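See below for the structure under consideration.
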Amino acid sequence: MSRIFNFTWRNWIIALHDALVTALAVLLSFVLRFDGENLWDRLPLLLTILPYFVLFSFFVCYMFNLTTTKWRFISLPDLLNILRAASVLSVALLVLDYIFLAPNVYGTFFLGKTTIVIYWFIEVAFLSGARLAYRYFRYTRTRNHARSVNAAPTLLIGRAADVEVFLRGIESGAVKRLWPVGILSPSVSDRGQTLRGVPVLGSIDDLPNVVEDFSNRGRPIERLVMTPSAFEAEAQPESVLMRARKLGLIVSRLPSLEESRDTPQLAPVAVEDLLLRPSVKIDYARLENFVRGKAIVVTGGGGSIGFEMCDRVITFGAARLLIIENSEPALHAATEKLAAKVTHAVIEGRIADVRDRERIHQLMIAFKPDAVFHAAALKHVPILERDWAEGVKTNIFGSVNVADAALASGAEAMVMISTDKAIEPVSMLGLTKRFAEMYCQALDGDASSGSAAKSPMRLISVRFGNVLASNGSVVPKFKAQIEAGGPVTVTHPDMVRYFMTIREACDLVVTAATHAMNAQHSDASVYVLSMGQPVKIVDLADRMIRLSGLQPGYDIDIVFTGVRPGERLNEILFATHEPTSEIGIAGIMAARPNELPLDTLKTWLATLRTAIDADQHEAAVAILKDAVPEYHANGK
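Heads up: the sequence shown begins at 132 in the working numbering, then just goes up one per residue.
In C-alpha cells form, the structure reads like this:
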C-alpha cells in the first residue's frame with residue numbers, strides 16, 4: 132500500500148483513466164440493458180452507487196498492477212491481469228446486486244446477470260483498448276523511425292526464440308540503425324513462418340540465394356546478425372561467416388541475455404566465438420547472490436583476465452571495486468571502460484605493484500574488501516625462463532603479499548588465478564604458480580582455524596588453461612600475422628592446448644568462490660576448470676586463416692619454429708598423484724594437491740628471498756624443487 136504514496140504523475144493519469152472507463156463501462160452496460168425499460172427510474176440509484184464502485188475499482192486495478200505497468204510494453208501477462216481485474220469487478224457487482232440491493236433496497240434484482248455480463252466485456256475492451264492503441268502507436272513510430280534513419284537492411288540468422296529478442300530490441304529502440312528484412316533459421320519448423328512481421332526466408336544454406344535475390348530487387352542486404360543459436364554446430368557458423376565475408380556483408384552477433392545481462396547489444400563476430408565447444412551453463416543468480424553489495428578488490432585489473440573480472444563483478448552488482456594495477460595506461464583504460472557502464476558501483480583505480488608489500492597492505496586495509504581476486508602475474512613462459520627472478524618476485528612474493536594483505540584487511544575470501552601449468556610443472560611459470568598455490572593452501576588452513584590473532588578467510592586457487600584473445604594468446608598473434616600477410620608461426624605440429632573464453636573463465640572463477648564459501652566445502656582449496664577438448668595449435672591456425680577468407684599454404688603459409696624453453700607439447704589438467712573430486716557444479720572440479728605446513732613454506736620463502744637478492748639461480752631453483760618435487764625442468 133505504501134507504493135501508492137510513491138505514485139508518479141503518470142501513475143495517477145493511468146489511475147484516472149481506469150476509473151473513468153470503469154464508470155463509463157457501468158453506465159454503458161446499464162443503458163444497453165435497460166434502455167426503454169424504466170431507465171430513468173433506475174438511474175438515480177446507480178449514480179448513488181457508482182462513486183463507491185469506482186473507488187473500489189481503483190484498488191482492484193492497483194492490486195493487479197494495471198496502474199503501474201508501462202503501456203509501451205504491455206504484453207500477454209498484462210492482458211491477463213485486465214481479464215482478472217474485470218472479473219473481480221464483475222463479481223463485486225454480482226455480490227452488490229444479489230446480496231445488498233435486491234433484498235434490502237430495490238426489492239428485486241437491480242442490475243441483473245445480463246447487465247453484469249455486458250459490463251465485463253465493455254470493461255475488458257475499455258481497459259485494454261487504450262493500452263493496445265498506445266503500444267501500437269509507439270511500435271509503429273519506432274519502426275518508422277528505424278526505417279527512416281538510414282537503417283541498414285539486415286538479415287537475421289537463428290531460431291525464432293533468439294530472433295524475437297532482437298526484433299523486440301528494434302521495436303523498443305535498444306537496437307538502432309538496422310532494419311530486418313528476413314530470417315534464415317536452422318529449424319525446419321520455422322520455415323515459411325512470419326515473426327513479428329519479418330518472414331523466415333529459408334535455411335542457412337539459402338544465404339547466397341537470398342542475398343542475390345534482394346540485390347536483384349534493388350534492396351541489397353548490408354548487415355548479417357547471428358543470434359546465439361546461429362553458433363551451434365548444426366548451424367555451421369564458420370561456413371556462415373566465410374560466406375558472409377565473400378558476399379561483402381558486415382557480420383555482428385547478438386549476445387544471449389544471460390551473457391549481456393542488459394538490453395540486447397550487438398558486437399562484432401570474433402574468431403574465438405567460432406573456435407570453442409558450447410560454453411558451460413552458468414548459474415548467474417548464484418553469482419549475483421555472492422557479489423551483490425560487496426566490496427571487491429581485483430589485482431592486475433588492467434590485464435585481459437583482470438579487467439574481465441572487474442567487468443563481471445560490476446555486472447553482478449558489486450557495490451565497490453578497487454582496481455590495483457602497476458601499469459598506468461592499463462589502469463586508465465580499465466577505469467575508463469568500466470566508468471562507461473551503467474552501474475551504481477563506486478570504482479576506484481590505484482597504481483601499485485603487488486611486489487610492494489607495504490603499499491598493498493595500505494590499500495587493502497583502507498579499502499576493507501569482502502573478496503579479493505588476485506589476477507596480477509607474469510605469465511609468458513619463455514620470458515620467465517629467461518628472467519626467472521622476476522617471475523619469483525611477482526608470482527610468489529607478490530601472491531604472498533596479496534594473501535597476507537587480504538587476511539589483514541578482514542576479507543572473507545581471496546581467489547588466486549592460477550594456471551594448468553602449475554600441474555607437474557616444467558617451467559618457471561608453472562613452478563612459481565604452484566608454490567603460490569601451496570602458500571594459499573597453507574594460509575587457508577591456518578586462517579580457517581579461527582585463532583585469536585587472525586580472522587577466518589577462505590583462500591583458494593583456480594586453475595585453467597589458455598584463454599582466447601587474452602594478452603599473449605595465440606589468437607591475437609595469429610590475427611596480426613594474417614593481417615600482415617603471413618606467415619603464421621606455430622611452434623610444433625603436435626602442440627596441443629586447452630582453450631576457453633575470458634568471460635566463461637571469469638564466471639567459473641566466481642562460481643568456484645561461491646562453492647568455497649560454503650562451510651561444508653572448507654577442505655577444497657584448489658579448483659580446476661574443465662577446458663573441454665584439447666585443440667591442436669596448427670588446426671587453430673588453419674581455421675583462422677580460412678575464416679579470414681584465405682587458403683592455408685596458398686595465401687598464407689604456416690611455419691613451424693620449434694618448441695620454446697619451458698613448453699611441453701601436451702598440457703595436463705591433473706597431476707598423477709593429485710586426487711580430484713566432483714563438486715556438483717558443471718565445468719569445475721576440486722583438486723587435492725599436497726599441502727605443507729605454513730611454517731615450512733615461510734622458511735623456504737626467507738631462504739628464497741636471500742637467493743633472489745644474491746641472484747643465485749641454482750640455489751633458488753633448488754629451494755623451489757624441494758617445495759615442488761614434481762618439477763622437471765625442460766620437460767617436453
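Backbone N, C-alpha and C fix where the C-beta goes; we use that ideal spot for every residue, glycine too. Here the structure is a predicted model, which means the values were calculated and not measured.
query                                                                                                                                                                                   : result
What residues in its chain sit with their C-beta under 7 Å from that of Glu439, if we drop five residues either side in the sequence?                                                   : Ile633, Arg634 and Cys637
Go through the stretch 268 to 356 residue by residue and report every complete run of the beta strand (DSSP E) that reaches 3 residues or more, in order.                               : 283 to 288, 309 to 315 and 329 to 333
Mind checking who Val503 pairs with in its DSSP beta bridge?                                                                                                                            : Val428 and Met545
Between the C-alpha atoms of Val546 and Thr642, what's the straight-line distance to the nearest angstrom?                                                                              : 11 Å
Output needed for Thr550: all residues of its chain with C-beta closer than 8 Å, excluding positions within five of it in sequence on either side, in chain order.                      : Lys510, Leu560, Gly561, Lys564, Arg594, Phe595 and Gly596
Do the CB positions of Leu177 and Phe161 come within less than 7 Å of each other?                                                                                                       : yes
Looking at C-alpha atoms only, which residue of Met675, Gly693, Arg695 and Trp140 is the closest neighbour of Asp686?                                                                   : Met675
Look up Glu456 in the DSSP assignment and say whether it is helix, strand or coil.                                                                                                      : strand
Could you give the DSSP three-state label for Leu700: helix, strand or coil?                                                                                                            : coil
What residue ranges within the stretch 724 to 754 form continuous beta strand (DSSP E) runs of no fewer than 3 residues, ordered along the chain?                                       : none
Would you mind sorting Trp140 into buried or exposed? The rule is 16 or more other CB atoms within 10 Å of its CB.                                                                      : exposed
Measure how close the beta-carbons of Ile719 and Ser661 come, nearest whole angstrom, since I'm counting them as under 8 Å.                                                             : 7 Å
What is the DSSP secondary structure of Met559, counted as helix, strand or coil?                                                                                                       : helix
According to DSSP, is Arg589 part of a helix, a strand, or is it coil?                                                                                                                  : strand
Excluding the 5 residues flanking Cys441 on each side, which residues of the same chain have their C-beta closer than 7 Å to its C-beta?                                                : Val429, Gly432, Leu452, Ile454, Ala465 and Leu469
Please work out which residues of its chain come closer than 6 Å, Cβ to Cβ, to Val444, disregarding the five sequence neighbours upstream and downstream, and give them in chain order. : Val422 and Ile427
Evaluate contact between the stretch 479 to 499 and the stretch 514 to 534, counting only Cβ atoms and requiring at least three cross-stretch pairs below 8 Å.                          : yes
Under the three-state reduction of DSSP, which class applies to Val621: helix, strand or coil?                                                                                          : strand
Ends of the alpha helix (DSSP H) at Asp611?                                                                                                                                             : Reading the sequence as shown, one finds Ala at residue 611 and not Asp. Ala611 -> alpha helix (DSSP H) spans Val605 to Glu614.
Which residues in the same chain as Val342 place their Cβ atom closer than 6 Å to its Cβ, once the five residues preceding and following it in sequence are excluded?                   : Ile352 and Leu378
For the beta strand (DSSP E) that contains Ser656, what are its first and last residues?                                                                                                : Taken as a continuous stretch (DSSP letters only), Ser656 belongs to no beta strand (DSSP E), as it is neither H nor E.
Within 10 angstroms of the Cβ of His475, are there 16 or more other Cβ atoms? Answer buried if so, exposed if not.                                                                      : exposed
Assuming contact is defined by CB atoms lying nearer than 7 Å, are Arg262 and Trp202 in contact in what I supplied?                                                                     : yes
For Thr632, does the three-state DSSP call read helix, strand or coil?                                                                                                                  : strand
Quick one: Cα of Pro728 to Cα of Asp757, how far?                                                                                                                                       : 14 Å
Could you pull the start and end residues of the beta strand (DSSP E) that Phe161 belongs to?                                                                                           : Per DSSP, Phe161 belongs to no beta strand (DSSP E); it is in the alpha helix (DSSP H), Trp140 to Phe165.
What is the rounded straight-line gap between the Cα of Ala223 and the Cα of Val191?                                                                                                    : 10 Å
What first and last residue would you give for the beta strand (DSSP E) that runs through Arg384?                                                                                       : Ile381 to Arg384
Candidates Ala461, Leu590 and Thr271: which alpha carbon is nearest Tyr658's?                                                                                                           : Leu590
If you draw a straight line from the alpha carbon of Val605 to that of Ala611, how long is it in whole angstroms?                                                                       : 10 Å
Just list the residues that DSSP pairs Ile689 with in beta bridges.                                                                                                                     : Val619
Pick helix, strand or coil for Ile714, following the three-state DSSP scheme.                                                                                                           : coil
Give me the Cα-Cα distance between Ala146 and Glu543, rounded to the nearest whole angstrom.                                                                                            : 48 Å
Would the beta-carbon of Ala507 fall within 7 Å of that of Asn526?                                                                                                                      : no
With distances taken from CA atoms, which of Tyr570, Thr620, Asp730 and Asp575 is nearest Ala647?                                                                                       : Asp575
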